[in-house]
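For what it's worth, UniProt numbering labels the leading residue of the first sequence as 1, then goes sequentially.
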Amino acid sequence: MRDAQSQQLPAVKLLEWYDRSARLMPWRVSPADKARGVRPDPYRVWMSEVMLQQTTVAAVTAYFQRFTARWPTVADLAAAEDADVMAEWAGLGYYARARNLLACARAVVRDYGGVFPDSAAGMRALPGVGPYTAAAVAAICYDEPAVVVDGNVERVMARLFAVQDPLPGAKPELVRLAGLLTPALRPGDYAQAVMDLGATICSPRNPACGICPLLGLCAAQQIGIAAELPRKIAKPEKPVRQGVAWVATRGGMVLLERRAERGLLGGMLGFPSDGWDGSALGAPFAAEWRDLGAVKHTFTHFHLVLQVMQSDSDANPQRGEFMLVNPDDLPTLMRKAYDLAFPDKKPR
DNA sequence: TATGCGTGGAC
DNA sequence: TGTCCAAGCAT
């Protein structure tokens with residue numbers, strides 16, 4: 001087997017390509033600054049990596065700018081109110097990340113004097129930091145040759161070595177191959193190069209093999225199956241759930257409740273609702289509820305049709321609290337219900 | 001190892 | 001319209 005020892009050529013080609021075409025992102029240090037000895041800020045790199053978990057660069061950028069403007073250091077973030085962080089995260093999804101982000105910032109301040117651990121092993125012990133994020137921060141910030149494996153790396157390795165076994169079973173083999181390619185020099189730039197390649201040229205559909213820096217080295221391209229890899233086990237189809245949301249208005253206020261820390265939209269504000277998330281509590285008070293129609297929303301594992309009921313009664317609610325809310329602070333599902341009740345307000 | 005957990009964009 | 005998919009982690 002040719003891959004019995006480390007392979008240097010792909011990393012060389014990828015770094016050459018990265019030096020030509022690296023994309024500017026607000027959490028990256030420009031090549032010019034790096035030449036002057038500027039190091040990436042672990043706080044910013046960590047935050048970007050958490051936001052980028054299962055989320056595109058396009059979706060993350062504005063959130064990253066707002067978070068770092070409002071909380072410029074890990075100590076600032078650690079001192080933030082939970083509700084402010086959850087509100088700022090609203091719309092980005094996977095809300096456990098926001099809770100872990102805050103828990104991690106507080107752990108860094110409390111246990112490490114406000115300085116992030118300078119190794120992948122140290123990072124890995126922090127809340128919300130898994131194998132990928134720990135390796136990425138260590139490689140980018142500390143030049144540790146950690147093996148960085150995300151969805152992009154899996155795809156690039158599967159194609160480069162024509163791995164035909166389907167995911168997730170093929171994962172250990174793809175990690176092994178990624179380890180063979182990881183260079184001792186510039187491991188952070190290398191990791192970002194592979195991910196940039198996966199996000200642009202070596203894309204899931206219609207990979208641009210003709211302009212790929214690894215053209216000629218790629219086994220899948222040579223046998224004409226690059227676009228078919230990586231193979232994946234078929235996912236079960238999503239069931240449809242139904243529910244009701246109760247939008248009670250009073251003056252400019254709406255009735256909201258803080259959702260449970262764990263589970264769907266955990267820790268976020270939402271309208272009292274039932275029938276779709278395990279709850280079945282009924283209306284927050286007896287009143288004449290107007291049927292505003294339904295909103296549709298799709299979560300990771302089910303479709304939701306949520307009937308929206310609205311009332312202006314001044315009855316005493318048994319759940320929730322009337323609040324003035326910025327609709328941008330609501331998770332998208334709840335924002336959809338809000339927009340049905342207040343069609344005049346501008347969408348974000 | 002399998003499942004739960006958001007959202008918006010591409011096709 | 002529907003389906004797939006993204007720089008994963010916790011349990």
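Built from N, CA and C at the ideal position, the CB exists for glycine as well. What you are looking at is a predicted structure, and each value in this text was computed from that prediction instead of being measured.
Continuous alpha helix (DSSP H) stretch holding residue i: start and end
i, result
"S48", "42-51"
"S21", "9-21"
"L340", "332-341"
"P31", "31-35"
Nearest-angstrom Cα separation, counted from residue j out to residue i
i, j, result
"T55", "S48", "10 Å"
"G293", "F342", "13 Å"
"A120", "Y142", "9 Å"
"A220", "V12", "20 Å"
"Y63", "E88", "8 Å"
"V148", "P187", "9 Å"
"G267", "Y43", "23 Å"
"K296", "D277", "15 Å"
"residue 349", "N326", "Residue 349 cannot be examined here, being either before or after the span of the chain that is shown, 1 to 348."
"A286", "D328", "29 Å"
"A170", "G113", "40 Å"
"A193", "D344", "45 Å"
"E228", "D291", "47 Å"
"W27", "L330", "26 Å"
"L174", "Q7", "14 Å"
"P183", "E144", "10 Å"
"M25", "V247", "39 Å"
Range of the contiguous beta strand (DSSP E) that encloses residue i
i, result
"T298", "290-298"
"W246", "240-250"
"Q307", "303-311"
"R258", "253-258"
"M323", "321-323"
Nearest neighbour of residue i, chosen from the options [CA to CA]
i, options, result
"D339", "D111, R70, V240, V254", "V254"
"C212", "R20, S273, F299", "R20"
"L102", "I225, G122, A79", "A79"
"R250", "S311, G270, A135, P331", "S311"
"V84", "A96, F67, V74", "Per the sequence shown, the amino acid found at residue 84 is Asp instead of Val. The residue with the shortest Cα to Cα distance from D84 is F67."
**Asked** If you pair each beta-carbon of the segment 154-172 with each one of the segment 131-139, do three or more pairs fall below 8 Å?
**Response** no
**Message:** To test your reading of the DSSP string, which unbroken beta strand (DSSP E) runs of 3 or more residues are found completely within the UniProt domain "HhH-GPD" (51-200)?
**Reply:** With a minimum length of 3 residues, there is no unbroken run of beta strand (DSSP E) contained wholly in the UniProt domain "HhH-GPD" (51-200).
**Request:** Specify whether the segment 238-247 and the segment 305-324 touch according to this definition: at least 3 beta carbon pairs, one from each stretch, less than 8 Å apart.
**Result:** yes
**Asked** Which whole runs of the alpha helix (DSSP H) in the segment 205-245 are 4 residues long or more, in chain order?
**Response** Entirely contained in the segment 205-245, the alpha helix (DSSP H) runs reaching 4 residues are, in chain order, 219-222.
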